[in-house]
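2 protein chains.
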Amino acid sequence: MRAAFDLSLYLVLDPVQCGGHDAAVRVARAALEGGATLVQLRAPEWHKRAWFDLARELLPITRAYGVPFVINDHVDVALAVDADGVHIGQRDLPADIARRLLGPDALIGLSVSNLDETTEANTLGGIVDYLGAGPVYATPTKTDASTPCGIDGLSAIRAAARLPTVAIGGIQSHNAADVMRARPAGLAVVSAICKAADPREAAATLAATIAQSRI
Amino acid sequence: MRAAFDLSLYLVLDPVQCGGHDAAVRVARAALEGGATLVQLRAPEWHKRAWFDLARELLPITRAYGVPFVINDHVDVALAVDADGVHIGQRDLPADIARRLLGPDALIGLSVSNLDETTEANTLGGIVDYLGAGPVYATPTKTDASTPCGIDGLSAIRAAARLPTVAIGGIQSHNAADVMRARPAGLAVVSAICKAADPREAAATLAATIAQSRI
Chain A
0 MRAAFDLSLY LVLDPVQCGG HDAAVRVARA ALEGGATLVQ LRAPEWHKRA WFDLARELLP
60 ITRAYGVPFV INDHVDVALA VDADGVHIGQ RDLPADIARR LLGPDALIGL SVSNLDETTE
120 ANTLGGIVDY LGAGPVYATP TKTDASTPCG IDGLSAIRAA ARLPTVAIGG IQSHNAADVM
180 RARPAGLAVV SAICKAADPR EAAATLAATI AQSRI
Chain B
0 MRAAFDLSLY LVLDPVQCGG HDAAVRVARA ALEGGATLVQ LRAPEWHKRA WFDLARELLP
60 ITRAYGVPFV INDHVDVALA VDADGVHIGQ RDLPADIARR LLGPDALIGL SVSNLDETTE
120 ANTLGGIVDY LGAGPVYATP TKTDASTPCG IDGLSAIRAA ARLPTVAIGG IQSHNAADVM
180 RARPAGLAVV SAICKAADPR EAAATLAATI AQSRI
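Chains A and B, in that order, are what the protein sequence lines are.
Per numbering that gives the first Met the number 0, residue 0 is the first one in the first sequence, and the count goes up by one each step.
Per numbering that gives the first Met the number 0, residue 0 is the first one in the second sequence, and the count goes up by one each step.
Below, the structure written as structure tokens:
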């Protein structure tokens with residue numbers, strides 16, 4: 000059985016945005032202190048040795064906080080460090096292959112950007128654990144991202160999805176409450192924490208906004 | 000036990016250079032007909048789904064020719080399609096991790112570009128099966144490659160290496176005989192076959208040059 004997981008405040012840790020390996024470790028720790036409930040490592044510009052070195056250092060930290068740690072795209076890096084799972088996109092390895100390689104206990108997330116992809120993801124119960132829906136807003140973080148779906152598109156995806164759905168794409172503290180009105184299971188952020196002057200405080204502020212929106 | 004392998008004419012199949020998925024399949028088949036003894040898939044610009052789809056189609060072809068098929072860098076793609084192994088660089092996952100993930104029967108190659116890396120690779124007997132030494136010449140194929148080692152550098156690496164060593168980097172039909180004077184176990188080529196007007200003939204010409212150089 001997969002362990003329970005909480006998508007509320009989902010940190011996508013981009014070590015380049017953080018300022019490198021050591022800075023990424025500091026940001027992850029601060030975000031966890033501030034209330035991040037899940038950490039994903041995503042370093043598209045990096046070679047795999049650097050992913051491996053950083054992931055190996057992050058895992059005991061996320062474990063200490065009881066928070067799942069997943070790897071973007073690279074199932075082999077997840078296997079190499081014994082991470083809790085992966086997050087895959089539509090152009091990465093197929094979800095059923097990732098599940099076969101990682102086993103039944105891994106946490107597997109899948110990106111969807113429209114209703115067609117959501118409908119297809121609905122057939123992947125038992126293979127995929129959650130969806131990442133977006134980008135909600137345009138974002139400079141991911142240059143190869145799909146067209147933004149907006150709050151209405153996010154609402155439609157969330158309503159159609161049979162799996163818990165975390166919103167992603169351009170989410171910052173100033174729009175977090177707006178996005179939460181679409182009732183996603185949580186918010187995934189990149190630069191809102193990775194580039195924050197005080198990542199702990201940025202995470203705590205987002206966590207408070209998310210909690211407030213559920214009242 | 001790992002199966003025997005022959006590094007003589009080692010095709011690094013770059014599907015972008017070939018002209019896409021279908022063209023890459025045709026090039027691979029033609030190269031095998033012409034005498035390629037090993038095929039590596041390398042598609043740095045591609046997402047992993049495209050690697051997976053192409054690798055799955057190539058494997059039965061290489062199997063039909065009794066030639067090993069390895070995946071550049073991505074251990075997960077190799078696991079996903081049950082390829083014969085991987086070729087890893089100095090900045091990819093560590094060789095011992097790749098061996099652990101792939102098991103004792105996989106064929107694992109490691110790139111080295113200088114004597115320090117060769118000396119270190121000499122400690123990896125039982126983990127790494129062969130070395131790829133180069134780039135011998137400067138090449139536009141790999142923009143992040145190390146400084147060319149030249150024929151003398153290749154000779155020095157080959158003399159120091161305890162593992163069979165295939166030469167790579169800028170090798171074309173016009174310089175193949177020169178490179179073979181350094182007595183590598185074989186030649187790895189990319190554009191010399193992938194961009195050839197007649198890949199079967201290009202492979203056959205290279206195979207003949209290699210065979211001739213051993214007399």
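Glycine residues also receive a C-beta, built at the ideal position from the N, C-alpha and C atoms.
Near-chain A residues of the stretch 96-113 of chain B (beta-carbon distance less than 9 Å), N- to C-terminal order | For the stretch 96-113 of chain B, the set of residues with a beta-carbon nearer than 9 Å to any beta-carbon of chain A comprises I96, A97, R99 and L100, in chain order.
List the whole-angstrom C-beta distance separating B:I150 from B:V127, where the pair is believed to meet the contact cut-off of C-beta under 8 Å.
-> With a Cβ gap of about 24 Å, B:I150 and B:V127 do not count as contacting.
Under three-state DSSP, which class holds A:A187?
-> Look at A:A187 here: in three-state DSSP terms it is strand.
Rounded separation between A:A77 and A:V69 - CA only = Looking at the two C-alpha atoms, the distance is approximately 7 Å.
Are any of the Cβ atoms in chain B nearer than 8 Å to that of A:A79?
-> It does; some Cβ of chain B falls within 8 Å.
Can the beta-carbon of A:A187 be found closer than 8 Å to that of A:G131?
-> Yes, the pair counts as a contact, with Cβ atoms nearer than the cut-off.
Could you please give me the residues that DSSP links to B:N71 through a beta bridge?
-> Per the DSSP secondary-structure output, B:N71 pairs in a beta bridge with B:H86.
Under the rule that 16 or more other beta-carbon atoms within 10 Å means buried, what is A:Q171, buried or exposed?
-> Buried, because 16 or more other Cβ atoms sit within 10 Å of the Cβ of A:Q171.
Which ranges would you report for the alpha helix (DSSP H) in the stretch 38-65 of chain A if only whole runs of at least 4 residues count?
-> Taken in chain order, the complete alpha helix (DSSP H) segments of 4 or more residues contained in the stretch 38-65 of chain A are 47-63.
Sequence-distant residues of its chain with Cβ nearer than 7 Å to A:A35 (five each side left out) = Counting only Cβ-Cβ distances below 7 Å, and skipping sequence neighbours, we find L8, L10, V66 and A202.
Please list the residues of the stretch 62-74 of chain B that have a C-beta atom closer than 7 Å to any C-beta atom in chain A, keeping them in chain order.
-> If the cut-off is 7 Å between Cβ atoms, the stretch 62-74 of chain B has D72, H73 and V74 near chain A.
Hey, could you find the ends of the beta strand (DSSP E) B:I107 is sitting in?
-> For B:I107, the enclosing beta strand (DSSP E) stretches over residues L106 to V111.
What residues in its chain sit with their C-beta under 6 Å from that of B:M0, if we drop five residues either side in the sequence?
-> Residue confidence for B:M0 is low, a pLDDT of 47 falling below 50, so the modelled location carries little weight; the figure read from the coordinates is stated next. Sequence-distant Cβ neighbours of B:M0 in its own chain, meaning closer than 6 Å and more than five residues away, do not exist here.
Exposed or buried, what is A:D143 when buried is set at 16 or more other beta-carbons lying within 10 Å of its beta-carbon?
-> By the 10 Å Cβ count, A:D143 comes out exposed.
Would you decide whether A:G185 is buried or exposed? Buried here means 16 or more other CB atoms lie within 10 Å of its CB.
-> Its Cβ being crowded by 16 or more others within 10 Å, A:G185 is buried.
Take the Cβ of A:H173 as the centre, count every other Cβ of all protein chains shown within 10 Å, and call the residue buried at 16 or more, exposed below.
-> It is exposed - the Cβ of A:H173 has fewer than 16 other Cβ atoms within 10 Å.
With 8 Å set as the bound, which would you pick, yes or no: does the beta-carbon of B:L92 sit closer than that to a beta-carbon of chain A?
-> Closer than 8 Å: yes.
So what's B:V127 in DSSP terms, helix, strand or just coil?
-> In this structure, DSSP gives B:V127 an extended state, which the three-state scheme calls strand.
Sequence-distant residues of its chain with Cβ nearer than 7 Å to A:Q89 (five each side left out) | Within the same chain, and ignoring the five residues on either side of A:Q89 in sequence, the residues whose Cβ sits closer than 7 Å to its Cβ are S110 and E116.
C-beta atoms of A:R62 and A:V80 nearer than 8 Å = Not a contact, by the Cβ cut-off of 8 Å.
By the criterion of Cβ-Cβ separation under 7 Å, what are the contact partners of B:H46 in chain D?
-> Here the protein chains are A and B, and chain D is not one of them.
Cβ distance (whole Å) where A:A49 is taken to contact A:D13 below 8 Å = Not quite, the Cβ-Cβ distance comes to about 12 Å (not below 8 Å), so this is no contact.
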